[in-house]
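As given, the protein sequences belong to chains P and H, one line each in that order.
So in the numbering used here, spot 36 of the first sequence is number 84, and the numbers just go up one at a time.
So in the numbering used here, spot 256 of the second sequence is number 625, and the numbers just go up one at a time.
From the three backbone atoms N, C-alpha and C, an ideal C-beta is built for every residue, glycine too.
Because the structure is a prediction, the values reported are computed rather than measured.
Scroll down for the structure; my scribbles are underneath it.
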Amino acid sequence: MGDLLRLATAGSVDDGKSTLVGRLLYDTKSVLADQLAAVDRVSRERGLTGPDLALLTDGLRAEREQGITIDVAYRYFSTPTRSFILADTPGHVQYTRNMVTGASTAELAVVLVDARNGVVEQTRRHATVAALLGVPHVALAVNKMDLVDFDEAVFDSIAKEFEAYAVGLGIRDVVAVPLSALDGDNVVERSLRMPWYSGPTFLEHLEAVPVFVNPGDEALRFPVQYVIRPQSAEYPDYRGYAGHVASGVAKVGDQVVVQPAGRVTTITGIDTFDGPLDEALPGRSVTLRLADDVDISRGDLLSAADDAAEVTQDLKGTVCWLAEQTVSVRSRVLVKSGTRTVRALVQSFNERLDIDSLDIVPHVEPFALNEIGSVTLRLAEPLPIDDYRTHRHSGAFLIIDEADGTTLAAGMVLALDELRTARCL
Amino acid sequence: MSAITAAEKIARDHQDHLDQLDVLESESIHIFREVAGELERPVLLFSGGKDSIVMLHLARKAFWPAPVPFPVMHVDTGHNFDEVIEYRDRTVDELGLRLVVASVQEAIDSGRVRERPDGTRNPLQTVPLLDAIVDNKFDAVFGGGRRDEEKARAKERVFSLRDEFGAWDPRRQRPELWDLYNGRHRPGEHLRIFPLSNWTELDVWRYLQREDVSLPSIYFAHDRDVFLRDGMWLTAGAWGGPQGDEVIERRRIRYRTVGDMSCTGAVDSDASTCDEVIAEVGSSRLTERGATRADDRMSEAAMEDRKREGYF
């Protein structure tokens, strides 16, 4: 059984994103006969000579009628060595919200460029969103190589320019692949028309990217979801704390601190339906038993005792505004991080990332949909929270409307100028 | 219970990363626990179909050693396969669950819904489902929908917000980031929860095999009296078939999905074990819904329309 890679695509319709995604699905034989028949029928109705693979990723009728993609769509394909969950997001400027959503869970971001146009404003915007969300790997698909006569120099120049930019943003791993999604060159099958290219095909690269970060490097974070107390004849005194390992490794015998309260205790058991474990890796859902009879409930965070999260009532972070609704300074909102939700007051809006120029500009007005900027919140009670750069799960939060429950913003504990600093390096 | 040998279990527990099924299982368990932690009155849709069987198995794992902390609900079209109802009742009994039945027949008898001329009852499930949600004050309904099934489902959230009419508005759905789910809703609204969102049909089968979970027998090859309608093999029965010049044949078939008898088609198959089904699904040239669901063939946007009306 292989492992699982989550990736997100960004790019505009014109870059051929839908065609690339359609090509990946088609060439990995993830498109079945009835889906293909529907694509053939619609392609013929539109007077096309061959199947338009972009139709494979078309979604709702509302979108087809308006010729737009309104949201993140998830696609599934697999090879003998790995399965893929692809968050397919539209790349238009007004859909920053969707790019941020897709990138939040991705281990790899696919950025598309049209080889004729090279790195453009939108390319830089996509790379910036990937960097902001801490996506560890970025793959640059230099598409439409057929329209530049498969010219190696064109590819080299685009790849060099993008790599320099991406590394400047702090992206750890960048790989560029020259391809033609329309004809399938270097997507799944190696192109015979670019003999000068010796790197991996696009799919080979997706199969080779490491998904496994050494969890020993990270400190344990375990948000408590639910307290399990069967009070049954078989388990009269059982008390376990159900959750999933957000980062690090949970090991029997490890000392943990219960945050925000601060009491230290020891993991005495790791339980699952299939039997006890000695240790639990990141992402694993388990139930922990602890040495002391501590008062722990949903919302508490169990952290490595020697490397715990910061506990604070003053939260400053970078947010992407996700809703049409805005809130003003002094508004009451809810902040959710891990399994804890606390009341908060909006203290100030500080600055904003101009998504076109990618400059950081002063900004004191409420954020509007799709804006990315810095906000300061005062929390009604202490919240354990991490630096997003080191803890992608426990450094993230949502801002929620108290009245109707709308998710207003996605937030990360990081300073916007970290991005600027990185860019100047 | 488990088919995992001791050696395999040790290998799994000492691996340096989780495999695909481990990741999917943990993600689903996380979702079950979030809902139990944040919502007041969840219920799990349990039809005796394979996806709902996987869901129930995951729910048991999520709360072990405590029992599953919510009831299960079956939306009963009245056109059931005996084998599936028997499986449902036995499972509910063995696990000591509370079963809520939302009956399409009762809704027809009381005039809440009207029988369709084609005899298909799948679209009629929406009214009894919504009635049961209101009557029982359920605020979260676990469904077995998967994003790989169909286009409209590909855009579905894990926590899907429904208004007081049970309707799904794609534009009102909340973005879902990281592993932070937002279960807040106004009175009268409820959430549909899809813990299997990221599973594919093949994942479901591989997981059923790995966990050695039993299934109703109709999922495996057997001889059955069927007739051909709209290119699908349907089970002959009192629900309304065969009609006109439709002819009954005895064929070796199995079901890939289980739903209302009137619109769930069987496929020709010799697959009589999980292994053989996995081999068959792996090489199949038709999606599960394309092969076996008449209701999804009605129009290109059939599922989108039904979801807007409050369907699963």
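Within the same chain, show all residues whose beta-carbon is closer than 6 Å to that of residue i, passing over the 5 residues directly before and after it, in chain order.
i	result
Phe-210 of chain P	Val-167 and Leu-188
Arg-620 of chain H	Val-595
Val-646 of chain H	Trp-574 and Ala-640
Gln-361 of chain P	Leu-427 and Pro-430
Thr-153 of chain P	Arg-54
Ala-375 of chain H	Unreliable positioning characterises Ala-375 of chain H in this predicted model, as indicated by a pLDDT of 48, which lies under 50. The coordinate reading is nonetheless provided below. Result list for Ala-375 of chain H: empty, nothing under 6 Å.
Val-334 of chain P	Ile-318, Thr-320 and Ala-328
Ala-214 of chain P	Ala-175, Val-186 and Val-222
Ala-509 of chain H	Val-404, Leu-408, Pro-411, Leu-560 and Ile-562
Val-423 of chain P	Val-367 and Phe-397
Ignore the nearest five residues each way along the sequence and tell me which others in residue i's own chain have a CB closer than 7 Å to its CB.
i	result
Glu-377 of chain H	Note that Glu-377 of chain H scores 45 on pLDDT, short of 50, meaning its location in the model is unreliable; the coordinates nonetheless yield the value given after this. Cβ neighbours of Glu-377 of chain H beyond the five flanking positions: none.
Val-375 of chain P	Val-381, Val-394, Pro-414 and Leu-456
Ser-668 of chain H	At Ser-668 of chain H the pLDDT is 47, less than 50, meaning the model places this residue with poor confidence; the figure from the coordinates comes in the next sentence. Same-chain partners within the cutoff: there are none.
Ala-201 of chain P	none
Ala-353 of chain P	Gln-303, Val-304, Val-305 and Val-312
Asp-465 of chain P	Ile-408
Within 8 Å (strictly less), CB to CB, does residue i reach chain H?
i	result
Glu-419 of chain P	no
Asp-452 of chain P	yes
Ser-295 of chain P	no
His-441 of chain P	yes
Phe-270 of chain P	no
Val-461 of chain P	no
Lys-384 of chain P	yes
Ala-458 of chain P	yes
Tyr-143 of chain P	no
Pro-278 of chain P	yes
Tyr-436 of chain P	no
Using a Cβ-Cβ cut-off of 8 Å (strictly less than) and excluding sequence neighbours within five positions of residue i, which residues of its own chain qualify?
i	result
Ala-380 of chain H	Low confidence applies here, because Ala-380 of chain H scores a pLDDT of 44, under 50, leaving its location unreliable; read the following figure in that light. For Ala-380 of chain H, where only same-chain residues beyond five positions count, there are no Cβ hits under 8 Å.
Leu-390 of chain H	Asp-572, Arg-575, Tyr-576 and Arg-579
Val-275 of chain P	Arg-287, Gly-288, Tyr-289, Ala-290, Ile-344, Ser-345 and Arg-346
Glu-484 of chain H	Ile-477, Arg-490 and Leu-493
Gly-651 of chain H	Leu-571
Would you please state the rounded distance, in angstroms, between the beta carbons of residue i and residue j? I believe it to be under 8 Å.
i	j	result
Leu-603 of chain H	Val-595 of chain H	6 Å
Pro-184 of chain P	Asp-221 of chain P	6 Å
Ile-319 of chain H	Arg-540 of chain H	Residue 319 of chain H lies beyond the stretch modelled for chain H, which goes from 370 to 681, so this question has no answer here.
Thr-57 of chain P	Leu-230 of chain P	With a Cβ gap of about 16 Å, Thr-57 of chain P and Leu-230 of chain P do not count as contacting.
Leu-72 of chain P	Val-235 of chain P	6 Å
Leu-413 of chain H	Phe-511 of chain H	4 Å
Ser-442 of chain P	Asp-434 of chain P	4 Å
Leu-425 of chain H	Val-441 of chain H	7 Å
Val-297 of chain P	Thr-387 of chain P	So it is not a contact: roughly 20 Å between Cβ atoms.
Report yes or no: is there a C-beta of chain P within less than 8 Å of the C-beta of residue i?
i	result
Ala-372 of chain H	Residue placement at Ala-372 of chain H cannot be trusted, given a pLDDT of 43 that sits under 50; the coordinates are not used to answer.
His-386 of chain H	yes
Ala-405 of chain H	yes
Asp-592 of chain H	no
Trp-537 of chain H	no
Glu-377 of chain H	For Glu-377 of chain H, the pLDDT reaches just 45, beneath the cut-off of 50, and the residue's location in the model is therefore unreliable, leaving the point undetermined.
Ile-647 of chain H	no
Asp-517 of chain H	yes
His-399 of chain H	yes
Leu-546 of chain H	yes
Lys-691 of chain H	No statement about residue 691 of chain H is possible, as the shown extent of chain H runs from 370 to 681 and does not include it.
Arg-543 of chain H	yes
Gln-578 of chain H	no
Leu-549 of chain H	yes
Arg-598 of chain H	no
*When you check each C-beta in the stretch 430 to 442 of chain H against every C-beta of chain P, which residues fall closer than 8 Å?*
Listed by position along the chain: Lys-430, Ala-431, Phe-432, Trp-433, Pro-434, Ala-435 and Pro-436.
*Closer than 7 Å, Cβ to Cβ, to anything on chain P: give me those residues from the stretch 626 to 637 of chain H, in chain order.*
none
*Could you name the residues of the stretch 50 to 78 of chain P whose beta carbon sits closer than 8 Å to any beta carbon of chain H, in the order they occur along the chain?*
Gly-50, Asp-51 and Leu-52
*Let me know the beta strand (DSSP E) ranges lying completely inside the stretch 246 to 312 of chain P, each 3 residues or longer, listed in chain order.*
269 to 276, 288 to 292 and 303 to 307
*What residues in the stretch 284 to 318 of chain P have a beta carbon less than 7 Å from any beta carbon of chain H?*
Tyr-286, Ala-290 and His-292
_alpha helix (DSSP H) runs contained entirely in the stretch 564 to 629 of chain H, provided each spans 4 or more residues_ = Qualifying alpha helix (DSSP H) stretches, in chain order: 570 to 580.
_Residues of the stretch 554 to 576 of chain H in Cβ contact with chain P at a cutoff of 7 Å, in chain order, please._
His-554, Arg-555, Asn-567 and Thr-569
*Could I get the ranges of all uninterrupted beta strand (DSSP E) runs contained in the stretch 318 to 353 of chain P, with 3 residues as the minimum, in chain order?*
333 to 338 and 349 to 352
*asked:* For a minimum of 4 consecutive residues, which ranges assigned as the alpha helix (DSSP H) are wholly contained in the stretch 163 to 229 of chain P?
replied: 169 to 180 and 200 to 216
_Positions along the stretch 329 to 343 of chain P whose CB lies within less than 7 Å of some CB in chain H_ = Leu-329, Gly-331, Arg-332 and Ser-333
*Entirely enclosed beta strand (DSSP E) segments - the stretch 360 to 422 of chain P, minimum 3 residues*: 380 to 385, 388 to 401 and 408 to 410
*If contact means a Cβ-Cβ distance below 8 Å, which residues of the stretch 450 to 478 of chain H contact chain P?*
none
*Pull out every residue of the stretch 385 to 399 of chain P whose Cβ sits closer than 9 Å to any Cβ of chain H, in chain order.*
Ser-385, Gly-386, Thr-387 and Thr-389
_At a CB distance below 8 Å, what residues from the stretch 149 to 169 of chain P approach chain H? Give them in sequence order._
Taking 8 Å as the Cβ-Cβ cut-off, the stretch 149 to 169 of chain P approaches chain H at Thr-149, Ser-152 and Thr-153, given in chain order.
*For the stretch 526 to 568 of chain H, which segments carrying the beta strand (DSSP E) assignment without a break, of at least 3 residues, lie completely within its bounds, in sequence order?*
List check, beta strand (DSSP E) in window: 528 to 531 and 559 to 562.
*At a Cβ cut of 8 Å, what residues of the stretch 494 to 508 of chain H count as close to chain P, listed as they run along the chain?*
none
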